[in-house]
């Protein structure tokens, strides 16, 4: 059984793959427009470095990104179950793990997850570098920018040293207290 720290470690190390999987979801022609906007907002959230968990810095600052991406896929699974089922089958080592990982997060954070759920609620209004989630979902030029920005972020910010990630997630126990401050 995975622990909260295990999920964060695995999720932070998987962020490049998670973002690519989210791009594939965005590009899925079967995904409805609100779902596409939500998924674009999740990507913009990660790219922007906005942190839904106050006071978390450094590598551990990616913890909210890990949780946000999993919550978005869960919501998309409710609104577009066939789309997410298809992506779960195509990427069992990525999207296929999200539900199990999210169960561990829910078990650990309990009611504190509402803070990150509020951040997910705001994703359709996300903006970064003059691009917003709606434009990225509907406009070809903005969608290309989003794709290019993800590729750039993977190379410049998200290829992390596994040992550094292990050291960082040792501080995962502080996340509950920080979320309580925002609750």
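Residue numbers (the numbering used here): 27 to 209.
Don't be surprised by glycine CBs; every beta carbon is placed ideally from N, CA and C.
Can you tell me whether residue 29 is helix, strand or coil according to DSSP?
coil
The segment 78-93 / the segment 177-194 touching (three or more Cβ pairs under 8 Å)
yes
Give a yes or no on whether the C-beta atoms belonging to residue 73 and residue 175 are separated by under 8 Å.
Yes.
Since residue 203 is in the alpha helix (DSSP H), which residue starts that stretch and which ends it?
200-208
Taking C-alpha atoms, which residue in 198, 172, 50 and 137 lies nearest to residue 209?
137
Would you kindly work out how many angstroms separate the C-alpha atoms of residue 53 and residue 41, rounded to a whole number?
18 Å
Alpha carbon of residue 71 to alpha carbon of residue 159, nearest angstrom:
10 Å
Going by other Cβ atoms of all chains shown within 10 Å of its Cβ, with 16 needed for buried, is residue 104 buried or exposed?
It is exposed - the Cβ of residue 104 has fewer than 16 other Cβ atoms within 10 Å.
Same chain only: Cβ atoms within 7 Å of residue 188, ignoring 5 sequence neighbours per side
39
How many angstroms separate the CA atom of residue 46 from the CA atom of residue 66?
If you take the alpha carbons of residue 46 and residue 66, they lie about 12 Å apart.
What did DSSP end up calling residue 158 once you bin it into helix, strand or coil?
strand
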